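Q: Chains A and B supply the protein sequences, listed in that same order.
Under my numbering, the first residue of the first sequence carries the number 309, and numbering increases by one thereafter.
Under my numbering, the first residue of the second sequence carries the number 58, and numbering increases by one thereafter.
Think of the CB as a built atom: it goes at the ideal place given N, C-alpha and C, for glycine as much as any other residue.
Bear in mind that the values here come from a model prediction, so they are computed numbers and not experimental data.
After the structure tokens below, expect a handful of questions from me.
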Amino acid sequence: MLTVRIIPCLDVDEGYVVKGVKFKNLTVAGDPVELAWKYFQQGADELAFLDVGASVKSRKTMVEVVRKISEKIFIPLTAGGGLRSLEDIRELLLAGADKVALCTAPVENPQLIQKASLAFGAQCIVLSIDAARTNSGWHAFTKGGTKDSGLEAVEWAVQAEALGAGEILLNSIDCDGTRQGYDLELLKAVGQRVKIPVIASGGAGNPEQIYQAIVTGQADAVLLASTLHYDEMTISEIKQYLKSKGVAVR
Amino acid sequence: MIGVIDYGAGNLNSVLKALAWLNLPARLVSSPEDAATVEKLIIPGVGSFGAALSELRKRNLYQTVDLWIKENRPLLGICLGFQLLFQRSEESPEEHGFSIFQGICQKIKASKVPHMGWNKVKFVQPDPLFTGLPLEEYFYFVHSYAVFQTNGSVLGLTDYGNQFVSVIKSGRIYGVQFHPEKSGQAGLQLLQNWGTKC
Chain A
309 MLTVRIIPCL DVDEGYVVKG VKFKNLTVAG DPVELAWKYF QQGADELAFL
359 DVGASVKSRK TMVEVVRKIS EKIFIPLTAG GGLRSLEDIR ELLLAGADKV
409 ALCTAPVENP QLIQKASLAF GAQCIVLSID AARTNSGWHA FTKGGTKDSG
459 LEAVEWAVQA EALGAGEILL NSIDCDGTRQ GYDLELLKAV GQRVKIPVIA
509 SGGAGNPEQI YQAIVTGQAD AVLLASTLHY DEMTISEIKQ YLKSKGVAVR
Chain B
58 MIGVIDYGAG NLNSVLKALA WLNLPARLVS SPEDAATVEK LIIPGVGSFG
108 AALSELRKRN LYQTVDLWIK ENRPLLGICL GFQLLFQRSE ESPEEHGFSI
158 FQGICQKIKA SKVPHMGWNK VKFVQPDPLF TGLPLEEYFY FVHSYAVFQT
208 NGSVLGLTDY GNQFVSVIKS GRIYGVQFHP EKSGQAGLQL LQNWGTKC
């Protein structure tokens, strides 16, 4: 039986791991290579790295971070943040990423998903949706959660699957960093409409909330950041809890 | 020296990095001349069945691999490299694989496809490949096609919707449907076993 994946996420800015609340007030949380190694030892099923600096310099640093990590950590690695072209994607894949996460660029140019999927395979194209509730349902936001694209988040996920995305990384801007739990309704709304895996992100504060994301939200994987970086939960504690509730984990 | 077949696609770097971590000498094999310098071959995964075969032909590597298999020299097929050892795939129905094993790669029928993530491999026959591993172990999979029936010597089975073949062997030719280079300690152990014991 396929297990639920626990994916630590490192937001990287100029080579440092940072973490904010609701996408703001970024603080330094550590060195990416050291943290990646720690999570690998704890039993992480995958690792994700998002470049939040989004400057040219920050992305070059990111490529180096991915390269270093892929030389000593042998689990799937997802990298993203500010990727705009097939060349950007190729650079990260060659450096050692197994998948790339795209967020803003495909909103402006949906064909990028299709082109990237054909060039590198659907399995390595993750569409990242930063979603927030608006007066007219959930919308996909771009540019680090600052700009409402006007796209309806659930429909955008459906369209991305049709274009060739291999996974949906679903971040709730409303819940990000709050530790109050995932946006379960959002997860469910997307999960019921796509056949590709959905990764839940934003809001985890305890193992019960993660369990709810899987059981109620129907998530295939969960992405975790601050709660791991500040040692509020360990991956093994989460996995033990899920196992005790009958969820298959590695 | 281990050679990792370079057919343009594939996740060559991950395999090379894992071998480097294990201190197993390895190089890329991009031509028949390269292949003459190695004792063992890995066909890595990722890509489509038909595209991989046409790339192999374009690089004059198809015959090299075919002969290698006929001479029963040490080889490990990973993911798509595993599937290429069978006769055909529904992914590219007009193409023929190396056909060392009878069987067809069929589209997985499950609620979520591809089968992506960590799943259990049950080792159903003892083999040096599994030295130091428990009888059931988790490995990382990413694939949309699988082999459900074969007459080959099946070493490992996995459940996803239906039970499929996850490890197979004939003489010194091995195939694994999962990615050992992305399967943490268990995957590294399996690669080390193949590199030193198989």
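List the residues of chain B that A/Met541 touches, going by C-beta distances under 8 angstroms, in chain order.
A: Those within 8 angstroms of A/Met541 in chain B number zero; the least Cβ separation is about 20 angstroms.
Q: Assuming A/Thr465 is part of the alpha helix (DSSP H), what are its boundary residues?
A: According to the sequence displayed, residue 465 of chain A carries Ala and not Thr. Ala461 to Leu471 is the extent of the alpha helix (DSSP H) around A/Ala465.
Q: Helix or strand or just coil, what does DSSP make of B/Leu142?
A: coil
Q: Using the C-alpha atoms, what's the distance from B/Leu142 back to A/Ile481?
A: 46 angstroms
Q: Whose C-beta lies closer than 8 angstroms to the C-beta of A/Lys407 among residues of the same chain, with five residues either side of it excluded?
A: Pro384, Leu385, Thr386, Ala387, Gln431, Cys432, Ile433, Val434, Gly474 and Glu475
Q: Determine the extent of the alpha helix (DSSP H) in which B/Ile91 is found, giving its start and end residues.
A: According to the sequence shown, residue 91 of chain B is Asp rather than Ile. It spans Pro89 to Ala92 - the alpha helix (DSSP H) in which B/Asp91 sits, taken as one unbroken run.
Q: Quick one: grab the DSSP three-state call for A/Arg398.
A: helix
Q: Is the CB-CB distance between B/Lys239 and B/Gly213 below 8 angstroms?
A: no
Q: For A/Val506, which residues of its own chain have a beta-carbon under 6 angstroms away from its beta-carbon, when the five flanking residues on both sides are left out?
A: Excluding residues up to 5 positions away in sequence, Ile476, Leu478, Val498, Gly499, Ala527 and Asp528 lie with their Cβ nearer than 6 angstroms to the Cβ of A/Val506 in the same chain.
Q: In the DSSP output, which residue or residues are listed as bridge partners for A/Leu550?
A: Paired residue(s): none; A/Leu550 is not in a bridge.
Q: If we call anything under 8 angstroms between Cβ atoms a contact, is A/Val360 one with A/Gly338?
A: No.
Q: Can you check whether the C-beta of A/Pro340 is within less than 8 angstroms of a C-beta belonging to chain B?
A: no
Q: Counting only beta-carbon atoms, is B/Glu90 nearer than 8 angstroms to chain A?
A: no
Q: Going by the DSSP bridge assignment, what does B/Tyr195 pair with across the sheet?
A: B/Lys177
Q: So, does the CB of A/Pro418 fall closer than 8 angstroms to a CB anywhere in chain B?
A: no
Q: For B/Leu85, which beta-bridge partners are listed by DSSP?
A: B/Val61
Q: Could you tell me which chain A residues have their CB closer than 9 angstroms to the CB of B/Pro171, listed as they occur along the chain?
A: Ala430, Gln431, Gly474, Ile504 and Pro505
Q: Helix, strand or coil, according to DSSP, for B/Ala309 in the structure here?
A: Past the edges of chain B, shown from 58 to 255, lies residue 309 of chain B, and the structure says nothing about it.
Q: Would a C-beta distance cut-off of 8 angstroms place B/Pro150 and B/Glu96 closer than the cut-off?
A: no
Q: Which residues, taken in chain order from the stretch 356-367 of chain A, show a beta carbon closer than 9 angstroms to some beta carbon of chain B?
A: none
Q: Identify which residue in B/Pro171, B/Glu147, B/Ala109 and B/Ser227 has its Cα closest to the Cα of B/Glu128.
A: B/Ser227
Q: Would you verify that the beta carbon of B/Trp175 is, or is not, closer than 8 angstroms to some beta carbon of chain A?
A: yes
Q: Near B/Gln120, what residues of its chain come up, given a Cβ to Cβ distance below 8 angstroms and the 5 sequence neighbours on each side ignored?
A: Pro89
Q: Could you have a look at A/Ser480 and say whether DSSP puts it in helix, strand or coil?
A: Note: A/Ser480 maps to strand in three-state DSSP.
Q: Please compile the residues from chain B whose C-beta is within a distance smaller than 9 angstroms of the C-beta of A/Leu495.
A: By Cβ distance, chain B contributes nothing, its closest Cβ being about 15 angstroms from A/Leu495, past 9 angstroms.
Q: Rounded to the nearest angstrom, what separates B/Val211 and B/Asn80 at their Cα positions?
A: Between the alpha carbons of B/Val211 and B/Asn80 lies a gap of roughly 29 angstroms.
Q: Please classify B/Ser223: is it buried, with 16 or more other beta-carbons within 10 angstroms of its beta-carbon, or exposed?
A: buried
Q: Under the rule that 16 or more other beta-carbon atoms within 10 Å means buried, what is A/Ala344, buried or exposed?
A: Buried, by the Cβ-count rule.
Q: Count the other C-beta atoms from every protein chain shown that fall within 10 angstroms of the C-beta of A/Met370, then say buried if there are 16 or more, exposed otherwise.
A: buried
Q: With A/Lys365 as the anchor, note down where its alpha helix (DSSP H) starts and where it stops.
A: It spans Val364 to Ser378 - the alpha helix (DSSP H) in which A/Lys365 sits, taken as one unbroken run.
Q: What does DSSP give as the partner residues of B/Gln163 in its beta bridges?
A: Answer is B/Ala203.
Q: Please tell me whether A/Ala512 and A/Leu494 are closer than 8 angstroms, where the distance is taken between their beta carbons.
A: no
Q: Please determine, among B/Ala203, B/Gly209, B/Pro237 and B/Asn219, the residue with the shortest C-alpha to C-alpha distance to B/Tyr195.
A: B/Pro237
Q: In the structure shown, what three-state DSSP assignment does A/Tyr538 receive?
A: coil
Q: Kindly identify the DSSP beta-bridge partner or partners of B/Ser227.
A: B/Ile230
Q: Is B/Lys177 buried or exposed, if buried means 16 or more other CB atoms sit within 10 Å of its CB?
A: buried
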